[in-house]
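In the working numbering, the protein residues as written are 21 to 332. Report on one structure; see the data block that follows.
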């Protein structure tokens, strides 16, 4: 369900929610600018800040504490400080990246920044005392990667590849190079990916098929497509809100920002099947147990976490 929109953008290439959900940042490729909008949960976003003088910016990402924004420009990584009121200002100096940097993403801890370049994934460290420093890189197995999205716990990175229509997932332990753990086909020309807050799902927008696609992910295998919905023309970027209720995406051809409401249910429960359940102090022995038998067909839900379903 669309709940807000704003136009007048100049090829918006990337969109990112602030950690508290109050702001949305985007970059405009042709205008060489970044814009910050406020959003209160309903109605159209309101412009509150602008950065100019960029050079073909393709991606933007908030730091977990909401104080910094990372922006990539072709082969450069820049960090900007934002106080929630004034225009963002550059922090430190520009850091060089590989040629053809498409996407930037901050790790949940704030200690690492991932940059998807022409055929590889770069990992930079960041500690607020110095410029970002590269500490890891993948083999050149990517194909025009357009997105590098960290899982909420920082253990995985999802990358969509524009040239071969794939979604790849990498594991990262905080030291060394990322390791490939999953690979699956997407819609036509995937350009951006984002994780759900519980990391069980990955959202992808496909520029060639004009779709928003959702994948499930269980950490052990390839992501599985579970559904999609049409978007406006030529979607360019997608971002999941921190409360899991909304997905924001930008569209290049129509120059719009769309916000979709998600029927989002975090998956925290475990389920067990049992023919019966006993209550009592087993240390007293079988003769003294205060056993309660639950007959077939009964169901017990414990603290909303474990479901005992008695079946024949």
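From the three backbone atoms N, C-alpha and C, an ideal C-beta is built for every residue, glycine too.
Just measuring C-alpha positions, the residue of 119, 208 and 65 sitting nearest residue 29 is 65. Annotation: residue 31 to residue 75 spans about 13 angstroms, alpha carbon to alpha carbon. The three-state secondary structure of residue 131, taken from DSSP, is coil. Straight through space, the alpha carbons of residue 253 and residue 273 are spaced by roughly 5 angstroms. When secondary structure is reduced to three states using DSSP, residue 232 falls in the strand class. Residue 108 sits in coil when the DSSP states are folded into three classes, being neither helix nor strand. The criterion of a C-beta distance shorter than 8 angstroms is satisfied by residue 96 and residue 114. Residue environment analysis places residue 72 among the exposed positions, since fewer than 16 neighbouring C-beta atoms fall within 10 angstroms of its C-beta. Taking a cut-off of 8 angstroms on C-beta distances, the region 160 to 167 touches the region 181 to 190, as three or more cross pairs fall below it. An exposed status is given to residue 116, since fewer than 16 other beta-carbon atoms sit within 10 Å of its beta-carbon. Under the three-state reduction of DSSP output, residue 123 falls in the strand class.
DSSP places residue 248 within a strand segment (E or B) once states are collapsed to three. Between the alpha carbons of residue 59 and residue 244 lies a gap of roughly 32 angstroms.
Secondary structure at residue 191: strand, using DSSP grouped into helix, strand and coil.
Sequence-distant Cβ neighbours of residue 271 in its own chain, meaning closer than 7 angstroms and more than five residues away, are 251, 252, 253, 254, 255, 256 and 278. If you check the CB distance, residue 170 and residue 128 come in under 8 angstroms. The residues 145, 146, 147 and 194, in chain order, have a CB closer than 8 angstroms to that of residue 131 in the same chain once the five nearest residues on each side in sequence are set aside.
When only Cα atoms are considered, residue 139 and residue 121 end up about 9 angstroms apart. Between residue 153 and residue 223, the C-beta gap is not smaller than 8 angstroms, which leaves the two residues out of contact.
For residue 201, the enclosing beta strand (DSSP E) covers residues 199 to 205. For residue 78, the enclosing beta strand (DSSP E) stretches over residues 77 to 82. Under the three-state reduction of DSSP output, residue 69 falls in the strand class. Per DSSP, the continuous beta strand (DSSP E) segment holding residue 101 begins and ends at 96 to 101.
If you ignore the 5 residues before and after residue 125, its C-beta comes within less than 6 angstroms of the C-beta of 81, 134, 168, 169 and 170, all in its own chain and listed in chain order. Residue 198 places its beta carbon 8 angstroms or farther from that of residue 109. For residue 178, the secondary structure class from DSSP, reduced to helix, strand or coil, is strand.
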